[in-house]
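Peer 1: For the sequence shown, numbering that gives the first Met the number 0 assigns the number 0 to the initial residue and increments by one for each residue that follows.
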Amino acid sequence: MPLTWARALAWRLEQQLLAPVGDLPVEGVVARLGALPARSSEAAELAVRLRRVSSAPGEVTDALNDGRLLKTYAFRGATHLMTPEDAGTYLALRAASRMWELPSWQEYYGLAPSDWPDLCAVVREALADGPLTRRQLADTVAAVPRFQQLRTPVVEGNDTLLKPLAWQGVMSFGPTRQGRSTFARLEDNPRWAGIPDVDDAGPRAVRAYLHAYGPASVDRLGYWLADGLGAGRRRVRSWVAALGDELTEVDVDGEDVFVLSEDLDALRATDANAVVRLLPGHDQWVLGPGTADPHVVPPARRALVTGGANLVVVGGVVSGTWRLIGDDITLSWFGEAGPVPWGALEEDVVRLGAVLGRRLRPEVVEQ
0 MPLTWARALA WRLEQQLLAP VGDLPVEGVV ARLGALPARS SEAAELAVRL RRVSSAPGEV
60 TDALNDGRLL KTYAFRGATH LMTPEDAGTY LALRAASRMW ELPSWQEYYG LAPSDWPDLC
120 AVVREALADG PLTRRQLADT VAAVPRFQQL RTPVVEGNDT LLKPLAWQGV MSFGPTRQGR
180 STFARLEDNP RWAGIPDVDD AGPRAVRAYL HAYGPASVDR LGYWLADGLG AGRRRVRSWV
240 AALGDELTEV DVDGEDVFVL SEDLDALRAT DANAVVRLLP GHDQWVLGPG TADPHVVPPA
300 RRALVTGGAN LVVVGGVVSG TWRLIGDDIT LSWFGEAGPV PWGALEEDVV RLGAVLGRRL
360 RPEVVEQ
């Protein structure tokens with residue numbers, strides 16, 4: 000039986016714990032996805048809970064507080080949740096570009112490349128007694144005369160300066176304190192394994208991506224690892240080549256894409272399905288392959304998905320959006336997606352309501 004994108008997406012739904020829903024712990028869900036956007040704590044928790052058969056409110060925060068997860072700057076400079084065990088892999092790729100050595104950075108912050116080892120040491124020492132707020136960290140760093148010019152940009156919320164400290168494994172976000180962010184020393188997390196060499200991290204990241212988001216082209220890998228982390232597409236191509244027989248190139252609807260060789264039999268044994276899933280906006284289901292991937296996001300609907308609309312996914316394809324006001328949930332169904340699957344849609348509304356602890360009243364609007 001030939002491989003089709005409908006079958007490939009059905010396999011991917013299983014890999015991402017959506018069909019069937021999985022029983023991995025919170026950190027297991029995040030590890031499977033590689034990273035989870037953390038711009039909205041509510042959306043991040045919903046994304047995790049919708050991938051777990053049994054879940055509870057606050058479990059993502061609990062995992063952050065006890066070190067099973069960490070929050071840091073990663074893909075496209077945004078904040079993401081990752082496991083400490085996996086974070087080093089992605090931060091190695093993020094740091095590979097060494098953006099902090101650009102002439103524009105040196106001029107703006109008054110920092111030469113040779114200053115960064117000492118700055119990292121100062122920050123590690125500042126955080127030795129526990130997490131600090133942004134202002135506390137800025138004051139401590141600025142107490143060192145050669146770094147006093149850094150206080151104002153940090154206090155004023157300039158995350159650009161803080162990101163390289165995260166990328167180099169110096170710090171991550173700590174527990175929120177009275178609504179304010181804090182920063183914690185990464186090495187104080189017993190699960191933190193440090194940052195590997197980029198050419199060890201790269202193949203590891205390619206394997207992880209293909210296991211969760213495959214089958215995928217080199218272009219999709221480049222979107223996630225090169226465009227997303229700044230590792231460079233030439234590096235990504237070299238990692239794909241270096242993996243050799245660990246990868247198999249397959250034809251999916253006439254498109255040559257890669258899959259992990261160890262996953263090939265399972266992929267071939269998977270049948271297409273029409274499983275309905277309601278997901279939060281900016282879910283990894285669409286961010287992993289990218290909203291420009293037409294197999295997942297209809298091109299005419301890309302702006303909606305990129306803008307963060309909550310998603311109705313059928314068989315892996317974005318087929319509508321949903322909006323919640325109180326206990327009323329409005330489901331906007333895309334006309335090009337075909338007939339509304341009323342029963343399956345209502346069933347997943349009930350599942351979403353159970354996760355939210357509310358009895359939702361659905362209304363379907365066809366677009």
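Quick reminder that beta carbons are idealized off the backbone N, C-alpha and C, glycines included.
1. Just to confirm, are E41 and R67 a CB contact at a threshold of 8 angstroms?
2. With hydrogens ignored, establish whether the beta-carbon of R357 is closer than 7 angstroms to any heavy atom of the ligand MG.
3. What are the start and end residues of the beta strand (DSSP E) that includes W321?
4. Thinking just about the alpha-carbon of each residue, which of T269, L259, R97 is nearest to the one in D244?
5. Identify whether L310 lies in helix, strand or coil by the three-state DSSP scheme.
6. Count the other CB atoms within 10 Å of the CB of L341; is the residue buried (16 or more) or exposed (fewer)?
7. Any idea if E44 is buried or exposed, counting beta-carbon neighbours within 10 angstroms, 16 or more meaning buried?
8. Taking G201 as the reference, which of L12, F257, A230 has the closest Cα?
9. Given V20, which residues of its chain have a CB within under 8 angstroms of its CB, disregarding the five upstream and five downstream residues?
10. Going by DSSP, name the residue or residues bridged to K162.
11. CA-CA distance, R133 and V154?
12. Tell me which residues share the same chain as A77 and place their Cβ nearer than 7 angstroms to its Cβ, disregarding the 5 neighbours each side in the sequence.
13. Going by DSSP, name the residue or residues bridged to P36.
14. Would you check if the distance between the CB atom of R6 and the CB atom of L16 is smaller than 8 angstroms?
15. What does DSSP give as the partner residue(s) for Y72 in the beta ladder?
16. Which of the three DSSP states is assigned to F257 in this structure?
17. Checking the sheet assignment: what are the DSSP bridge partners for P361?
18. From what residue to what residue does the alpha helix (DSSP H) around S103 run?
19. For a quick check, are the C-beta atoms of L224 and T181 less than 8 angstroms apart?
Peer 2: Quick look at the numbers:
1. One-based indexing of the sequence shown puts residue 41 at position 42. One-based indexing of the sequence shown puts residue 67 at position 68. In this structure, R67 does not lie closer than 8 angstroms to E41 by Cβ.
2. Absence of the ligand MG from the depicted structure is noted, as is the absence of any ligand whatsoever, leaving it without description.
3. Locating residue 321 in the sequence shown gives position 322, counting from the first residue. Unbroken beta strand (DSSP E) run through W321: 316 to 324.
4. Numbered from its first residue, the sequence shown carries residue 244 at position 245. Ranking the options by Cα distance to D244, first place goes to L259.
5. As a first step, residue 310 is located in the sequence shown; it is residue number 311 there, counting from the start. Note: L310 maps to strand in three-state DSSP.
6. Counted from its first residue, the sequence shown places residue 341 at position 342. In the sequence on display, residue 341 carries Trp and not Leu. Its Cβ having fewer than 16 others within 10 Å, W341 is exposed.
7. Taking the sequence shown and counting its residues from 1, the one referred to as residue 44 is at position 45. When all chains shown are included, E44 counts as buried.
8. Within the sequence shown, the letter at position 202 stands for residue 201. The residue with the shortest Cα to Cα distance from G201 is A230.
9. Locating residue 20 in the sequence shown gives position 21, counting from the first residue. Counting only Cβ-Cβ distances below 8 angstroms, and skipping sequence neighbours, we find L49, R50, R51, V52.
10. Counting from one through the sequence shown, the residue named residue 162 turns up at place 163. Note: K162 sits in no beta bridge, so no partner.
11. The residue you call residue 133 lines up with position 134 of the sequence shown. The residue you call residue 154 lines up with position 155 of the sequence shown. Going from the Cα of R133 to the Cα of V154 covers about 6 angstroms.
12. Taking the sequence shown and counting its residues from 1, one reaches residue 77 at position 78. Closer than 7 angstroms at Cβ, skipping near neighbours: P36, R38.
13. Sequence index remark: in the sequence shown, residue 36 carries index 37 (1-based). Per DSSP, H79.
14. For the purposes of this step, residue 6 is identified with residue 7 of the sequence shown, where counting begins at 1. For the purposes of this step, residue 16 is identified with residue 17 of the sequence shown, where counting begins at 1. The answer is no: Cβ separation not under 8 angstroms.
15. Translated into the one-based positions of the sequence shown, residue 72 becomes position 73. For Y72, which the question treats as bridged, DSSP gives the partners T78.
16. Position 258 of the sequence shown holds residue 257. Of the three classes helix, strand and coil, the one that applies to F257 here is strand, per DSSP.
17. Counted from its first residue, the sequence shown places residue 361 at position 362. Paired residues: I328.
18. One-based indexing of the sequence shown puts residue 103 at position 104. S103 -> alpha helix (DSSP H) spans 102 to 108.
19. The residue you call residue 224 lines up with position 225 of the sequence shown. The residue you call residue 181 lines up with position 182 of the sequence shown. The answer is no: Cβ separation not under 8 angstroms.
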